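> Following the working numbering, the numbering of the sequence shown begins with 964 at its first residue and continues without gaps.
Just so it is clear, CB atoms sit at the ideal spot from N, CA and C, and this is done for glycine as well.
Note that the structure is a prediction, hence the values are computed from the model and not measured.
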Amino acid sequence: MNTEKSTPSLTRGDLMEMDAQLFAELRRVIPCTGCALYFPTEAPGRQPELLAGERRLLLPLWRGETPLAVAMLHGVRVRETRQALPLLPAVADICLDLLERTRGERTDAVTGLATENLLYARMEEEAARVREQLADPTAEDSRGASLHRLCMGLVLVRMSNGRELAETYGYAFTDGLLRQVADALRAELPGNVMAARVGRFGMAVLMPSSSGRKACQRLAQEALRRMVGVEQRCGVTRKVVRPRLCAGHAVYPQDMEGPEFALSMYEQARRFMERARLAAREAVKSRVPGRIMSFARILQEGGVIEECLGMGRVRISLGLRAKAREGQRFAVWEPDAEGRRRLRGEVVLLLVREQDAVAETLQLTDAARPLAVGQRLALLDETAEFDGEEGILAEEGWLPREGAAGEPVAAGGVEETQPPAETPTEAEDVPETPAPCEIDGGLEGFWGHGDFRRALRQRAEERNHFVLALLRLELAGDAAAGGSPCHALGQAAGSWRKCLAGQEEAAGEGVLCGLYGGNGLIFFHPVMDERPLLPLYESVCRTLDEQGVRAACGLATYPFLQFRKGEMLECTLKALEYALLLPAPHVGVCNSLALNISADRRYSQGDIFGAVEEYKLALLADEENVLARNSLGVCMAALGRHHEARRHFLEALRRCSEPGQVAQTRYNLGTVCQQLGERRTAARYYRQCLAAEPEHLYAHLRLGQLCEEGGRRNEARRFYEEAARIEDRLREGRQDGGPSLARRYLARVAARQRRGGEARELLHEALLRDPNDAASMLLMARLYLDGNEDPSVAELLARKSVRLHDTAEGWRVLARALRAQDREDEARLAEARIPSA
């Protein structure tokens, strides 16, 4: 079977997509200062036309007998261009040949979708754009997306029986089936998404930076629904063959880890793809309804027990790739005869590897029935309590194990059903994860993870004041290559005991020591204040660092604000996150700054309401925290509560003293005043911002907007031109150019001043920097319509614009483009999409 697919000739849409390459090739032969494409309604002549007085060249672009467009080159050298005029039609043909070859390289030969490398390049651009928008949430987003939707979605569809079909029916047959699947995937896809072939039997759809989990789930469901009818009959056996499909999806940045954001965009894009691949594989393994799995659901309910290791330990299918971490607790369940979840026990993760983890049994609902292979896991909240009488999450269908008399069996600890840790059984054969209490003999007196949590619960109830300290370890240098986490735990325990000598009074009487996962130690100090403990843990971290073990410690004191005793471990984790950002020794306290960092993480993940609560807690802990007050104002503005935002910004301005903070706070105040309609006040704050920081890009843009709204277009142009120069300086130090708002605004001013050629060139530059700039597309579509050019090109731009950013103006321009083509019925349908006032 011939699987080659003929590549159609270039279209006007192809020219618009690859205009950057087209003009780069033309500039090699014809030096110029600016370029733009025109799509006239009437066929242009074949010969180029030189407008010497304006230093412009009009170069028609023909493909065979089909006129495509006219390239207008501005600022050409008249004498050199006049000499080259007879050769320019051949130059144009060569440039179009290069474009056609480039398009062929970007398109997969079997499926007709984009190639994997092209997809990764787009993913890097989108990820960089999302990070930029989250880093400066006060900046205007070119798509107009709400802050909680600043994310990028990736849906991966796999033909899970592809290898089996290739071995049975041959690769040509399988490629034909794969092509039909790709056609079904491509049908009715929104114009703002990119579909590409990934791997041998996979296809991916990249959604732009305004698509969350619901949008990914909906797109996956619709795509699989269209693919259900795909089938192909084998010519030899006459058997009808259908693909077995599954899908997984992930969202950036929510599904990425904090340290991963420090990696290059090249690395981040490929790790993000692995998240979607893992979700698709889990959809097959877990047999979830619809065979669609979200990456976030893997940790929540995708785990399964793969092996029983003895001594109450099990190996589970969740690893670092699924965001599993030491200390996480899971309920273990299996379905009963009626399909309901029946609770079997609770486990906690001790050692997490790349693809799996070792967990310890904490509780069993039936001591006579240990955990078994195949039982599934459900992630428990840190504050969730295990109750053998009623089960876990009873309202959601969890059932306890019933005894012989029909009464629930009380939960039994693992101590009653397994031998002591000092005498391992012969069944245990896990040399890489020995029992914690045996590690180098250095952990004598340390509780196991589950035992420590039970002891902590009891000791905390007896005390009104205490301090929790969590010591996290990481091997460094040569130790990372040949050492083991178990040995590091022994080193840390020895260093802690050594540093404790002479500081017993500060540590308090009756210190409780325990393991926290596979690379951490946790301590309970019955004291009232963490300050006397800081020298102790600073000494421990320095000592361990000298031994090649990176250490960080977080401390949390109870009482702290309104946090309950059961939430102090979470506070300790916040302190540890703060400690990792501090210089060595990495020792942090759960205070206002730690809460601020935790709130920033929530905000970056799109959880604005959760971030608001934590910023408020940070201010309760320290009302002088200017960062928290400023960030709280940003959140309020994002939620549309502008008066509250202004109040927080004014309070932050009253308290801040650093020039950078002063400038940003003044800009924030100008933004909310502008949104409230107080233009004079907003302009005053913007000018004060520029007085403190003359290179503040967005203050120039905002002042230009205010001047433009007031009819002072020349003054607005000056602000926009200065903003464009700042953008160019910023661009020099960045690999990704980012959007050019200044050029878009300059084009708008030029269009209003009837400078259509200049506006077109500026929009061309803006779209080169951000191909998904919906507002620039819409303005370009209006220019095509006003210039009496091909309305089909304006329709293409308007449709793409409304798909990226659904606006009333976009639908009006689309309706106008349709009417210009005498498509009245479609124009009325477009107008029906315009929201009523």
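1) Between the stretch 1479 to 1494 and the stretch 1426 to 1436, can you find at least three pairs of beta-carbon atoms closer than 8 Å?
2) So, helix, strand or coil for M981, using DSSP?
3) Can you tell me which of G1471, A1542 and Q1638 puts its alpha carbon nearest to the alpha carbon of E1501?
4) Tell me A1034's beta-bridge partners as DSSP assigns them.
5) What is the DSSP secondary structure of F1293, counted as helix, strand or coil?
6) What does the Cβ neighbour count give for E1358, buried or exposed, with the cut at 16 atoms within 10 Å?
7) Are there 16 or more other CB atoms within 10 angstroms of the CB of I1057, so buried, or fewer, so exposed?
8) DSSP three-state label for A1108, please.
9) So L1484 packs on G1453, CB below 8 Å; how close in whole Å?
10) Go through the stretch 1636 to 1700 residue by residue and report every complete run of the alpha helix (DSSP H) that reaches 4 residues or more, in order.
11) Taking 6 Å as the limit between beta carbons, can you name the residues of its chain near Y1003, skipping five residues before and five after?
12) Can you tell me which residues form a DSSP beta bridge with G1273?
13) Is it the case that the Cβ atoms of L1559 and A1584 are separated by a distance below 7 Å?
14) Spell out whether any CB of chain D is found under 7 Å from the CB atom of T1004.
15) Report buried or exposed for M979, applying the criterion of at least 16 other Cβ atoms within 10 angstroms of its Cβ.
16) Rank A1091, D1329, R1316 and R1288 by C-alpha distance to the C-alpha of L1306 and give the top, closest one.
17) How would you write the range of the beta strand (DSSP E) that I1485 sits in, first residue to last?
18) Going by beta-carbon coordinates alone, are A1246 and C1271 separated by less than 7 Å?
19) By the three-class DSSP mapping on this structure, what secondary structure does Y1479 have?
20) Would you list, in sequence order, the uninterrupted beta strand (DSSP E) runs of no fewer than 3 residues that lie entirely inside the stretch 1526 to 1560?
21) Please confirm whether E1063 and L985 have their CB atoms less than 7 Å apart.
22) I'd like to know whether the C-beta atoms of G1266 and S1257 end up nearer to each other than 7 Å.
23) Taking buried to mean at least 16 other C-beta atoms within 10 Å of its own C-beta, is T996 buried or exposed?
24) With DSSP run on the structure shown, which of helix, strand or coil describes V1191?
25) Skipping 5 residues on each side, what residues in its chain have a beta carbon closer than 7 Å to that of G1673?
26) In the DSSP assignment, what are the bridge partners of A1514?
27) List the DSSP bridge partners of V1168.
28) Let's test the definition: count the other Cβ atoms within 10 Å of the Cβ of S1818 and tell me whether it reaches 16, buried, or not, exposed.
29) Using the Cβ count rule (16 or more neighbours within 10 Å means buried), how would you classify N1677?
30) Would you list the residues sitting across from G1720 in a DSSP beta bridge?
31) Rank A1178, R1018 and L1031 by C-alpha distance to the C-alpha of A1042 and give the top, closest one.
32) Kindly identify the DSSP beta-bridge partner or partners of V1203.
33) Are the stretch 1751 to 1770 and the stretch 1714 to 1731 touching, with three or more C-beta to C-beta distances below 8 Å?
34) If you run the structure through DSSP and keep just helix, strand and coil, what is A1210?
35) Would you check if the distance between the CB atom of Y1683 and the CB atom of A1705 is smaller than 7 Å?
36) Taking the alpha helix (DSSP H) that L1051 falls in, what are its first and last residues?
With the structure as the only source:
1) Result yes; three or more Cβ-Cβ pairs closer than 8 Å.
2) Locating residue 981 in the sequence shown gives position 18, counting from the first residue. In the structure shown, M981 sits in coil (DSSP, three-state: anything other than H, G, I, E or B).
3) On the sequence shown, residue 1501 is found 538 positions in, with the first residue counted as 1. Its Cα nearest to that of E1501, the residue A1542 stands out among G1471, A1542 and Q1638.
4) Here the question's residue 1034 lines up with position 71 in the sequence shown. Paired residues: L1000 and L1022.
5) As a working mapping, residue 1293 is identified with position 330 in the sequence shown. Look at F1293 here: in three-state DSSP terms it is strand.
6) Within the sequence shown, the letter at position 395 stands for residue 1358. Confidence is the limiting factor: at E1358 the pLDDT is only 35, short of 50, which leaves the residue's position unreliable and the question unanswerable from this model.
7) In the sequence shown, the residue the question calls residue 1057 occupies position 94. By the 10 Å Cβ count, I1057 comes out exposed.
8) Taking the sequence shown and counting its residues from 1, the one referred to as residue 1108 is at position 145. Note on A1108: pLDDT 43, under 50, position unreliable in the model; the coordinate value appears next. A1108 falls in the coil class under three-state DSSP.
9) Taking the sequence shown and counting its residues from 1, the one referred to as residue 1484 is at position 521. Taking the sequence shown and counting its residues from 1, the one referred to as residue 1453 is at position 490. With a Cβ gap of about 10 Å, L1484 and G1453 do not count as contacting.
10) If we require 4 residues or more, the alpha helix (DSSP H) runs fully inside the stretch 1636 to 1700 come out as 1642 to 1655, 1660 to 1672 and 1676 to 1695.
11) Counting from 1 along the sequence shown, the entry for residue 1003 is found at position 40. Correcting the residue type first, residue 1003 is Pro in the shown sequence and not Tyr. So the qualifying residues of the chain are E1752.
12) By 1-based counting over the sequence shown, the position of residue 1273 is 310. Beta-bridge pairing links G1273 to R1276.
13) By 1-based counting over the sequence shown, the position of residue 1559 is 596. By 1-based counting over the sequence shown, the position of residue 1584 is 621. The question names Leu, but residue 1559 in the sequence shown is Asn. Taking 7 Å as the Cβ cut-off, N1559 and A1584 do not qualify as a contacting pair.
14) This model lacks chain D altogether, as it is built from one protein chain only.
15) Along the sequence shown, read from residue 1 onward, the residue named residue 979 stands at position 16. So M979 ends up on the buried side.
16) Here residue 1306 corresponds to residue number 343 of the sequence shown, with the count starting at 1. Across the set A1091, D1329, R1316 and R1288, the C-alpha of D1329 shows the shortest separation from the C-alpha of L1306.
17) In the sequence shown, residue 1485 corresponds to position 522, counting from 1. That run of the beta strand (DSSP E) goes G1483 to H1488.
18) Translated into the one-based positions of the sequence shown, residue 1246 becomes position 283. Translated into the one-based positions of the sequence shown, residue 1271 becomes position 308. Going by C-beta atoms, A1246 is not nearer than 7 Å to C1271.
19) What you label residue 1479 is simply residue 516 of the sequence shown in a count that begins at 1. In the structure shown, Y1479 adopts coil according to DSSP, grouped into three states.
20) Unbroken beta strand (DSSP E) runs of no fewer than 3 residues, entirely contained in the stretch 1526 to 1560, are found at 1549 to 1552, following chain order.
21) In the sequence shown, residue 1063 corresponds to position 100, counting from 1. In the sequence shown, residue 985 corresponds to position 22, counting from 1. Result no, Cβ atoms of E1063 and L985 do not sit closer than 7 Å.
22) Residue numbering aside, residue 1266 sits at position 303 when the sequence shown is read from its first letter. Residue numbering aside, residue 1257 sits at position 294 when the sequence shown is read from its first letter. No, Cβ-Cβ distance for G1266 and S1257 is not below 7 Å.
23) Numbered from 1 along the sequence shown, position 33 holds the residue referred to as residue 996. By the neighbour-count rule (16 or more Cβ atoms within 10 Å), T996 is not buried but exposed.
24) Position 228 of the sequence shown, counting from 1, holds the residue named residue 1191. Here V1191 sits in coil by DSSP.
25) Your numbering for residue 1673 matches position 710 in the sequence shown. None.
26) Residue mapping note: residue 1514 aligns to position 551 of the sequence shown, counting from 1. A1514 is bridged to L1436.
27) In the sequence shown, residue 1168 corresponds to position 205, counting from 1. Within the DSSP bridge table, the entry for V1168 names V1118 and A1158 as partners.
28) Outside the modelled stretch of the chain, which goes from 964 to 1800, sits residue 1818, for which no answer is possible.
29) Translated into the one-based positions of the sequence shown, residue 1677 becomes position 714. N1677 comes out exposed.
30) Here residue 1720 refers to the residue found at position 757 when the sequence shown is read from its first residue. DSSP output for G1720 lists no bridge partner at all.
31) Within the sequence shown, the letter at position 79 stands for residue 1042. For the record, residue 1042 in the displayed sequence is Arg; it is not Ala. Nearest of A1178, R1018 and L1031 to R1042, Cα basis: R1018.
32) What you label residue 1203 is simply residue 240 of the sequence shown in a count that begins at 1. V1203 pairs with R1196.
33) Contact fails: fewer than three Cβ-Cβ distances are below 8 Å.
34) Taking the sequence shown and counting its residues from 1, one reaches residue 1210 at position 247. Reduced to three states, the DSSP call for A1210 is strand.
35) Residue 1683 sits at position 720 when you count from the first residue of the sequence shown. Residue 1705 sits at position 742 when you count from the first residue of the sequence shown. In terms of Cβ geometry, Y1683 and A1705 form a close pair [threshold 7 Å].
36) For the purposes of this step, residue 1051 is taken as the residue at position 88 of the sequence shown. For L1051, the enclosing alpha helix (DSSP H) covers residues L1051 to R1069.
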